[in-house]
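Visitor: As they're listed, the protein sequences go chains Z and H.
Just so you know, we're using my numbering here: the first sequence kicks off at 221 and counts up by one.
Just so you know, we're using my numbering here: the second sequence kicks off at 36 and counts up by one.
Ideal Cβ placement from N, Cα and C applies to all residues, glycine included.
So that we are looking at the same thing, I have put the structure below in structure tokens.
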Amino acid sequence: MVPLVSIMVFLPLAGALVLVALRGASPRQAHLVGLIASGLTLLAALGIWMRGVDGGFAQVEEVAWIPSLGAAYRVGVDGVSLPLVLLTGVLFVAALLFSLKMDERVGAYVALFLLLETACLGVFVALDLVLFYVFWEVTLVAMYFIIAGWGHEDRQRAALTFFLYTLLGSLPLLLAILSLYLGSQPHTFDMRALIAAPPLAGLTATLTLVALLIAFAVKTPVFPFHTWLPAAHVEAPTAGSVVLAGVLLKLGTYGLIRFALQMTPDALRSAAPVVAVFAVFSALYGAFVALAQTDLKRMVAYTSVNHMGYVVLAVAVAAAASREVVRSVALDGAVLQMVSHGIVTGALFLLVGMLQDRAATRDMAQFGGLLRVTPVLGWFFIMAAFASLGLPGLAHFPAEFQIFLGTFGVWPIALVVLLGILITAGLYLRAIQATFLGAVPDRWLTMPGLTRSDIWSVAPLLVLTLVIGIAPWWLLDLIHATVERITS
Amino acid sequence: MITPLVVVLGSLGTGALILALRRFVVPLALAGATLSFLAAIATFTQVQMTDSRVLQLPGLPSFPFLLLADARASLLAMVVATVNLLVVIYAAGYMTDERDQARFFAELALFTGAMQILLLAGDWILFITAWEVIALASYLLIGFWFERSGVKEAATRAFLVTRGADLGLYSGAIILSMEAGTTRIDDTLRLGGTAALVAGVALLIAAIGKAAQVPLQGWLQDAMVGPTPVSALLHAATLVVAGVVLLLRVFPLLSPSVLLLVGLVGGVTALITGLTAVSQRDFKRLLASSTSSQLGFMFLAIGAGWPGAALFHLVTNAAIKSSLFLGAGIYQHTRGSTRFDALRGVGRRHRWVYAALAVAGLSLAGIPPLAGFWSKDAVFAATLTGRHAAIFSLFAVTGAVLTGVYVARALRLLWRGPDTDERSDREQRISGLTWMAVGFGWLVVLAAVLGLAEPVLERRLGVTVPQRAAALLLGLLAALLGLVAGWLRPADYWLRRLRPVAERGFRVGDGLIDVAVRPSLALARSCDIFDRGIHDFVLSTGHGALRLALGARFLDDGIHRVVDGIGALGLALAGLTRRSDEVGIERLILALVSAVRTLGGRARQLQTGLIYRELLLASVGALAILLVVVLTY
């Protein structure tokens, strides 16, 4: 049996090492290496999918490392991680395709993206706490360098923010990992064992959960730990934003499911109402702050707070619900929402980036009528925006509707979160109206249309948006098989 | 089950094909509409009264998608397909000079296809999907001429108001589905008690928004900025009709108290929007108000407990309202506007169009033997029964008088007016008139004769359409009274000081903008300021803490020493563990040390000391894990 999971995880790293070895590579060569490595990684991810996942952890690859400590190299996938692995594969190809016009220190840029891809995939497939933590930290480092090296004007400030929040986020995770390790008998870092028999109870479990919640709330992000997100997005290069919103935020909610829900289930059940309050508030708050933005990128960044709030709410619902159908509908929705958000928000950041490249501004008040000048960009944006505001037939709706169904099954009052879909509708329609409708100001009359690599980077995401929206079952069947096991 | 699918795909498929090919646009649109029309007729003839056909798709886990063709759904599908076909024929002429025909016909196909899915949806998820896609299509079509002034605002407003009301649909559907444990609509309607009451009110809110009933009627006026064929379809067979379709669909769920609410909303709307219609200075805006008012009659009938009467009125109005809009569109092409001051006397120039408009108008007012007379009679008979007969029938009579007034007023304004000699040179040859005449003509014929549909409804659908001699007489008297009043005296005479208020659709202040939009934006702005506050707070405290902990100089140039320190510490640790036989730890530490050093070295070239801090943190974390591992070992 070919160790496909490990091959997939380290393929991007191999690409990065090739780039380090070829120090004098031309920009063209560097881009080519990046595309080949990320393309092969996507193929490997598809191969893992083809092999099949039956619900539990499948295709596990294990290499003994320190047997007496219970630490080992363990990777594998299930119906929660595989969709995120596929999402990661798709988004990195899209990000690198978009970056083809980049010509500033290309070798280092592509190598960092590939390193980041290995780290993200590693977090999703890791079945060992030490491995998980190592990959988790590497994502921060790689993202940090991308923002600091290729960001916009105010990188210092963004870097400081990123640092502070990382400090806040990583240390509690570390403590929680140690607590889980020390609580298990015999001591083990094996996540499968910790999931099969959650080791902690009582106060230790609660404290561990608090540490986990803080760590993942920073990453997801949930109010009040979210303010690093708009700051980082505004400064990050477009491709960095795509990966940041599309993949890195999912690390938080993935951790929430993998750790909080699966390893400290009882503690999460009692804390669920508190988590739900934060989630609902965060979702509505994110929507309102997004409504106040005139910078398109900041606006899209804040809608992430809204959308990820739904995911956190769904996990709380899954922890608290007594009926199995409620638990599974919420958790199905949560996992699908992560994928949908990655694809749709990825597309939106790409499109805003294309607009910024052409206009050197992202202020919607400066624009108008661009649908006549760059119709492809305009229609793509309209489609992605409608997907993001939850229009049925596009990717977010099946996810959000399941989350709302589950929410009503536990806390009917929490349906107030429905207001979020009205506010996001308002903010996207306003953005479309200000940017793409109406008469065109003279200075934009000559704005060039999309290039072929622009279209190739974003069009597949839009196709996926439509396919998930119309026929969600091809993805939900995969998710549901695992969710059933988690919730039964 | 193949024909209902063809009804849907006939529209959606051609829409996609038109977008893909961008050629043969009009023939494709015509072919798709015809196909959909034939399939709808076939479905209606196949489906028997008690029988229904179901097609199941996988959908969501434990919530499959269902297409369900029963007698009512297939009848309505046929109505929609018929109006759609005639409107597409008309549009082939109306849009002759338009450069973006492909977009127009593709959006039109999406509009109709979504409506057909709505009619055939058997589960709530598909129903909501169709409901919202209809809203998207109308947004795109209202905004078709997006560069013109006022268009973008109208499109945004239409979508936002209906979406606000749609929260009711979401809540209602979620409550019903979770309480009943299934999303299959018919199974959820058996619920009773509080769930049914709350869900009923929630669904009513959605219906009010979609059907442009009071207090959410304003958006429909502004939606007139779209192309006229869109208006015809939107007012007769798709968007607003969806609101009534929802109520007809969930009728078994509605408790007496909710029904009373439905009736009151309908009655007040018939009155208020009737007055608005009387006051309008624009033909299309008059027709738009009239739509709200006629839908109000349907709400009244449902509220009185007679969905059959509402259904009948819906069918006749589909023909009447679409034909009126199409006639208005022909005049619009003649004079370049739909304002009455531009249209004065246009009826004397184009007498055939005027005659046809008059037939449709009189049918709307309820003059026998035209279709509107019979269906309005059914609504009257419905309001005369039940506990609330007094108030409901009063609404109905007043509404009918107002209908007579605005119909007569419109016909008078189109006929009379200054001699048109000087205008005649502005009246150009109308391009595409033949196509328009065909679509318009057939709809007028339907508007005249659809009263014959009543026995079909009763026989095929098993619904009862109420009839009463008193209703017949009352309806006729109200219509005649209104017509005479409207023909003899202008709007100012009847409305006097009410006119400016009515003309603005009885809006208070800036209407919705005052009530919802401004407070939301204000709240959003405060949230934004608050958010920036949090951010600055975190940054300043964080910065302060760092200074305190590390010292300012340390921040700038001292950190690399710490990196070196970690290296030394790591080496020491590695030496310590050498005593054990676990080579793994030692190797890991050595690798980590060298990684930190190299990365640190590279980072120095790139940027500031911040990077060190980041690296420092990552490596401290990894070391801490190792320390614990070693200590607990």
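Could you tell me the boundaries of the beta strand (DSSP E) in which LEU102/H lies?
Guide: Position 67 of the second sequence, counting from 1, holds the residue named residue 102/H. Per DSSP, LEU102/H belongs to the beta strand (DSSP E) from 98-104.
Visitor: Look up GLU182/H in the DSSP assignment and say whether it is helix, strand or coil.
Guide: Translated into the one-based positions of the second sequence, residue 182/H becomes position 147. It is coil, neither helix nor strand.
Visitor: Just confirm the distance between the C-beta atoms of VAL660/Z and GLY598/Z, as a whole number of angstroms; I'd bet it's less than 8 Å.
Guide: For the purposes of this step, residue 660/Z is taken as residue 440 along the first sequence, with counting starting at 1. For the purposes of this step, residue 598/Z is taken as residue 378 along the first sequence, with counting starting at 1. About 11 Å separates the two Cβ atoms, so there is no contact after all.
Visitor: For ARG57/H, collect the residues of the same chain with a Cβ closer than 8 Å to its Cβ; drop the 5 residues on either side in sequence, then sort them by chain order.
Guide: Numbered from 1 along the second sequence, position 22 holds the residue referred to as residue 57/H. Around ARG57/H: ALA137.
Visitor: Would you say TRP693/Z faces chain H, with C-beta separation under 8 Å as the test?
Guide: For the purposes of this step, residue 693/Z is taken as residue 473 along the first sequence, with counting starting at 1. So, interface residue.
Visitor: I think VAL303/H touches VAL249/H, with their Cβ atoms under 8 Å apart; what is that distance to the nearest whole Å?
Guide: For the purposes of this step, residue 303/H is taken as residue 268 along the second sequence, with counting starting at 1. For the purposes of this step, residue 249/H is taken as residue 214 along the second sequence, with counting starting at 1. About 5 Å separates the two Cβ atoms, so the contact holds.
Visitor: ALA243/H to PRO680/Z, Cα distance in whole Å?
Guide: Here residue 243/H refers to the residue found at position 208 when the second sequence is read from its first residue. Here residue 680/Z refers to the residue found at position 460 when the first sequence is read from its first residue. Checking the sequence shown, residue 243/H turns out to be Ile, not Ala. Straight-line Cα distance between these residues: approximately 38 Å.
Visitor: Which parts of the segment 292-370 of chain H are runs of the alpha helix (DSSP H), unbroken and 4 residues or longer, counting only runs that do not cross its ends?
Guide: Runs of the alpha helix (DSSP H) inside the segment 292-370 of chain H: 318-338, 342-370.
Visitor: Specify the secondary structure class of ILE402/H as computed by DSSP and reduced to three states.
Guide: On the second sequence, position 367 is the one that residue 402/H refers to. Looking at ILE402/H - three-state DSSP - the assignment turns out to be coil, as it is neither helix nor strand.
Visitor: Starting from the C-beta of ALA108/H, find all residues in its chain whose C-beta is less than 7 Å away, skip the five residues before and the five after it, and write them out in chain order.
Guide: As a first step, residue 108/H is located in the second sequence; it is residue number 73 there, counting from the start. Closer than 7 Å at the Cβ level, and outside the excluded window around ALA108/H, lie LEU154, LEU155.
Visitor: Would you mind sorting LEU233/Z into buried or exposed? The rule is 16 or more other CB atoms within 10 Å of its CB.
Guide: For this step, residue 233/Z is matched to residue 13 along the first sequence. Label assigned to LEU233/Z: buried.
Visitor: Residue range of the beta strand (DSSP E) that ALA291/Z falls in?
Guide: Translated into the one-based positions of the first sequence, residue 291/Z becomes position 71. 291-297 is the extent of the beta strand (DSSP E) around ALA291/Z.
Visitor: Whole angstroms are fine: how far does the CA of ILE366/Z sit from the CA of ALA638/H?
Guide: Residue numbering aside, residue 638/H sits at position 603 when the second sequence is read from its first letter. Residue numbering aside, residue 366/Z sits at position 146 when the first sequence is read from its first letter. Because the pLDDT at ALA638/H is just 48, under 50, the model does not fix this residue reliably, and the point stays unresolved.
Visitor: How would you write the range of the alpha helix (DSSP H) that ALA605/Z sits in, first residue to last?
Guide: Locating residue 605/Z in the first sequence gives position 385, counting from the first residue. Per DSSP, ALA605/Z belongs to the alpha helix (DSSP H) from 595-608.
Visitor: Should SER324/H be listed as close to the ligand GDP, given that the test is whether its C-beta is under 7 Å from any heavy atom?
Guide: Among the ligands in the structure shown, none appear at all, so the ligand GDP cannot be discussed.
Visitor: Given a cut-off of 8 Å on the beta-carbon distance, is the pair TRP166/H and LEU204/H in contact?
Guide: By one-based count along the second sequence, residue 166/H stands at place 131. By one-based count along the second sequence, residue 204/H stands at place 169. Yes.
Visitor: So, at 8 Å on beta carbons, what are the nonlocal neighbours of ILE152/H in its own chain, with the 5 sequence-adjacent residues on each side left out?
Guide: As a working mapping, residue 152/H is identified with position 117 in the second sequence. Here the set comprises VAL43, LEU102, LEU161, THR164, ALA165, VAL168.
Visitor: For my contact list, TYR125/H and LEU361/H are in at a C-beta cut-off of 8 Å; report their separation, rounded to the angstrom.
Guide: Along the second sequence, one-based indexing puts residue 125/H at 90. Along the second sequence, one-based indexing puts residue 361/H at 326. Right, the Cβ-Cβ distance comes to about 5 Å (below 8 Å), so this counts as a contact.
Visitor: In whole angstroms, what is the alpha-carbon distance linking MET113/H and LEU481/H?
Guide: The residue given as residue 113/H occupies position 78 in the second sequence. The residue given as residue 481/H occupies position 446 in the second sequence. Spanning the two alpha carbons is a distance of roughly 13 Å.
Visitor: How do the segment 280-292 of chain Z and the segment 397-412 of chain Z stand: do at least 3 beta-carbon pairs fall below 8 Å, yes or no?
Guide: Yes, since at least three Cβ pairs between the segment 280-292 of chain Z and the segment 397-412 of chain Z fall closer than 8 Å, the two stretches touch.
Visitor: In whole angstroms, what is the alpha-carbon distance linking VAL564/Z and SER677/Z?
Guide: Residue 564/Z sits at position 344 when you count from the first residue of the first sequence. Residue 677/Z sits at position 457 when you count from the first residue of the first sequence. Between VAL564/Z and SER677/Z, the C-alpha separation is close to 13 Å.
Visitor: So GLN622/Z contacts chain H; which residues on that side make the cut at Cβ distance below 9 Å?
Guide: Translated into positions along the first sequence, residue 622/Z becomes position 402. By Cβ distance, chain H contributes LEU95, PRO96, PHE98.
Visitor: Assuming VAL637/Z contacts ALA503/Z under a Cβ cut-off of 8 Å, what Cβ separation, rounded to an integer in Å, is found between them?
Guide: Position 417 of the first sequence holds residue 637/Z. Position 283 of the first sequence holds residue 503/Z. With a Cβ gap of about 5 Å, VAL637/Z and ALA503/Z count as contacting.
Visitor: Can you tell me which of VAL279/H, PRO342/H, ALA51/H, LEU511/H puts its alpha carbon nearest to the alpha carbon of ALA141/H?
Guide: Locating residue 141/H in the second sequence gives position 106, counting from the first residue. Ranking the options by Cα distance to ALA141/H, first place goes to ALA51/H.
Visitor: Excluding the five sequence neighbours on either side, which residues of its own chain have a C-beta within less than 6 Å of the C-beta of PHE445/Z, listed in chain order?
Guide: One-based indexing of the first sequence puts residue 445/Z at position 225. Around PHE445/Z: ALA437, VAL438.
Visitor: Going by beta carbon distance, what residues of the same chain come within less than 7 Å of VAL350/H, once the five residues before and after it are set aside?
Guide: In the second sequence, the residue the question calls residue 350/H occupies position 315. Around VAL350/H: VAL114, LEU485, ALA488.
Visitor: Relative to the C-alpha of ARG383/H, which residue among TYR366/H, ALA172/H, THR373/H, LEU397/H is closest?
Guide: Taking the second sequence and counting its residues from 1, the one referred to as residue 383/H is at position 348. Per the Cα distances, TYR366/H.
Visitor: Do LEU268/H and ASN119/H have their C-beta atoms closer together than 8 Å?
Guide: Numbered from its first residue, the second sequence carries residue 268/H at position 233. Numbered from its first residue, the second sequence carries residue 119/H at position 84. In contact: LEU268/H and ASN119/H (Cβ atoms closer than 8 Å).
Visitor: Taking DSSP as the reference, what is the three-state secondary structure of ASP376/H?
Guide: The residue you call residue 376/H lines up with position 341 of the second sequence. If DSSP states are grouped into helix, strand and coil, ASP376/H belongs with the helices.
Visitor: Quick test of the definition: if touching needs 3 or more C-beta pairs under 8 Å, does the segment 232-246 of chain H touch the segment 279-287 of chain H?
Guide: Enough Cβ pairs lie closer than 8 Å, so yes.
Visitor: Does DSSP classify ASP410/Z as helix, strand or coil?
Guide: Stepping through the first sequence from its first residue, residue 410/Z is reached at position 190. Three-state result, ASP410/Z: strand.
Visitor: Considering only DSSP beta bridges, list what ALA278/Z is partnered with.
Guide: The residue given as residue 278/Z occupies position 58 in the first sequence. DSSP, once it has assigned bridges, lists VAL297/Z as partnering ALA278/Z.
Visitor: Rounded to the nearest angstrom, what separates VAL358/Z and LEU351/Z at their Cα positions?
Guide: Start at 1 with the first residue of the first sequence, and residue 358/Z comes out as number 138. Start at 1 with the first residue of the first sequence, and residue 351/Z comes out as number 131. Rounded to the nearest angstrom, the two C-alpha atoms are 11 Å apart.
Visitor: Along the beta strand (DSSP E) that carries LEU92/H, what are the first and last residues, could you check?
Guide: Counting from 1 along the second sequence, the entry for residue 92/H is found at position 57. Looking at the DSSP string, the run of the beta strand (DSSP E) that includes LEU92/H is 88-95.
Visitor: For a quick check, are the C-beta atoms of SER290/H and LEU346/H less than 8 Å apart?
Guide: In the second sequence, the residue the question calls residue 290/H occupies position 255. In the second sequence, the residue the question calls residue 346/H occupies position 311. No, Cβ-Cβ distance for SER290/H and LEU346/H is not below 8 Å.
Visitor: Mapping the DSSP letters down to three states, classify ARG219/H as helix, strand or coil.
Guide: The count along the second sequence starts at 1 and reaches residue 219/H at position 184. ARG219/H falls in the strand class under three-state DSSP.
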